[in-house]
Amino acid sequence: MRARRGLSLAELLVAMGLAAIVLAIATSLIWQAVRTTARGTVSGELYQSGVTALTWLVEDIQSTGAAGIGVLNSGGPATPTVLSVHPLADVSNQLVRFYDDHIVVYVWDPATGILTRSTWPPGPPTLGVTLEPANPWRPDDTQLLALTANNGTRRQLATQVTAFEFENPAGVDFPNIGQPLKLKLSLSRKAAAGYQPEKFEVERLITLRNGL
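Spelled out as structure tokens, the structure:
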């Protein structure tokens, strides 16, 4: 019986080259799968975060009318967007409206990209204002800025928020609030090198309670 011939140097080099190619392809496919998975995870988390924030916002805004809403849009990286909502608590059989004993405050810090929700009172700040059940309260710009203080009720709704602003219908200027009120909310997060950032962007026209 003739002995089996071993691989020649040339054959060995070819085999090693083929193995290296196969390994490189496999590594590339695995890395691509990991990046795709990471991108999908980031996209899902971003969508969930955006929808959660949007749900809270719409529910709160629709709980009152124009007189119970205050808006201060951001004027740049050093100025937050602030939204205040004085919710309607009840309407009597005689159609008398009663407003809640607190307001809801949303604050977006463009420097950090964090959107938060809190309630006031309690303080800080101390504004010298007593909320009246019969009258909705709309803070002025100075009061809205003061309401960005953390009073222990703050809850983080979303991070990496790139836009949070409100727009009135044509012919209506802030601090007045028109119908419908447009909300713009954008979130952006980078998933992996080589990919465009994942984004969640929405514009929503919100109808307020009539005559409030």
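All residue numbers for the sequence shown refer to the working numbering, where the first residue is 1 and numbers rise by one. Heads up, the beta-carbon is just placed ideally off N, CA and C, and yes, glycines get one too. Source: prediction; values computed, not measured.
Contained alpha helix (DSSP H) runs [length at least 4] in the region 66-151, N- to C-terminal order: 141-146
Residue 163 Cβ short of 7 Å to the ligand SAH heavy atom set: By its list of ligands, the structure shown contains no ligand whatsoever, and the ligand SAH lies outside what it can speak to.
Drop a sphere of 10 angstroms on the beta-carbon of residue 48, count the other beta-carbons inside from all chains shown, and report buried for 16 or more, exposed for fewer. In the sequence shown, counting from the first residue as 1, residue 48 sits at position 48. By the 10 Å Cβ count, residue 48 comes out exposed.
If you count every other CB in all the chains shown that lies within 10 Å of the CB of residue 21, and 16 or more means buried, which is it? Start at 1 with the first residue of the sequence shown, and residue 21 comes out as number 21. With fewer than 16 Cβ atoms within 10 Å of its Cβ, residue 21 is classed as exposed.
In angstroms, rounded to a whole number, what distance separates the CA positions of residue 195 and residue 165? Taking the sequence shown and counting its residues from 1, the one referred to as residue 195 is at position 195. Taking the sequence shown and counting its residues from 1, the one referred to as residue 165 is at position 165. Distance between the alpha carbons of residue 195 and residue 165 is about 27 Å.
If you compare alpha carbons, which of 183, 70, 25 is closest to residue 57? Position 57 of the sequence shown, counting from 1, holds the residue named residue 57. Nearest of 183, 70, 25 to residue 57, Cα basis: 183.
For residue 155, which beta-bridge partners are listed by DSSP? One-based indexing of the sequence shown puts residue 155 at position 155. Beta-bridge pairing links residue 155 to 117.
Which word fits residue 214, buried or exposed, when buried means at least 16 other C-beta atoms lie within 10 angstroms of its C-beta? This structure cannot settle anything about residue 214, because the visible part of the chain is limited to 1 through 212.
Here's the rule: buried if 16 or more other CB atoms are within 10 angstroms of the residue's CB, otherwise exposed. What is residue 155? Walking along the sequence shown from the start, residue 155 turns up at place 155. Result: exposed.
Return the bridge partner residues of residue 61 from the DSSP annotation. For the purposes of this step, residue 61 is taken as the residue at position 61 of the sequence shown. DSSP lists no partner for residue 61.
Can you list, in chain order, the residues of its chain with a C-beta nearer than 7 Å to that of residue 123? Leave out the 5 residues immediately preceding and following it. As a first step, residue 123 is located in the sequence shown; it is residue number 123 there, counting from the start. Cβ within range, chain order: 151.
Quick check: the region 168-187 against the region 94-106, are there 3 or more CB pairs under 8 Å? no
Bridge-paired residues (DSSP) for residue 45: To locate residue 45, count along the sequence shown from 1; it is residue 45. DSSP lists no partner for residue 45.
CA-to-CA distance, residue 108 to residue 187, given in whole angstroms: The count along the sequence shown starts at 1 and reaches residue 187 at position 187. The count along the sequence shown starts at 1 and reaches residue 108 at position 108. Here the C-alpha atom of residue 187 lies approximately 12 Å from the C-alpha atom of residue 108.
On the CB-based measure, 16 or more other CB atoms within 10 Å of its CB, does residue 81 come out buried or exposed? What you label residue 81 is simply residue 81 of the sequence shown in a count that begins at 1. By the 10 Å Cβ count, residue 81 comes out buried.
What three-state label does DSSP hand residue 206 in the structure shown? Stepping through the sequence shown from its first residue, residue 206 is reached at position 206. The answer is strand: DSSP assigns residue 206 an E or B state.
What separation, rounded to the nearest whole angstrom, lies between the Cα atoms of residue 51 and residue 24? Locating residue 51 in the sequence shown gives position 51, where the first residue counts as 1. Locating residue 24 in the sequence shown gives position 24, where the first residue counts as 1. Approximately 40 Å between the Cα atoms of the pair.
Thinking residue 144 and residue 70 are a contact (beta carbons under 8 Å), I'd like their distance in whole angstroms, please. Here residue 144 refers to the residue found at position 144 of the sequence shown. Here residue 70 refers to the residue found at position 70 of the sequence shown. Correct: roughly 6 Å between the Cβ atoms.
Which residues does DSSP list as the beta-bridge partners of residue 164? Residue numbering aside, residue 164 sits at position 164 when the sequence shown is read from its first letter. Per DSSP, 185.
So, residue 147 versus residue 163, is the Cβ gap smaller than 8 Å? For the purposes of this step, residue 147 is taken as the residue at position 147 of the sequence shown. For the purposes of this step, residue 163 is taken as the residue at position 163 of the sequence shown. In this structure, residue 163 does not lie closer than 8 Å to residue 147 by Cβ.
Let me know the secondary structure DSSP gives residue 25 once reduced to three states. Position 25 of the sequence shown, counted from the first residue, corresponds to residue 25. Residue 25 falls in the helix class under three-state DSSP.
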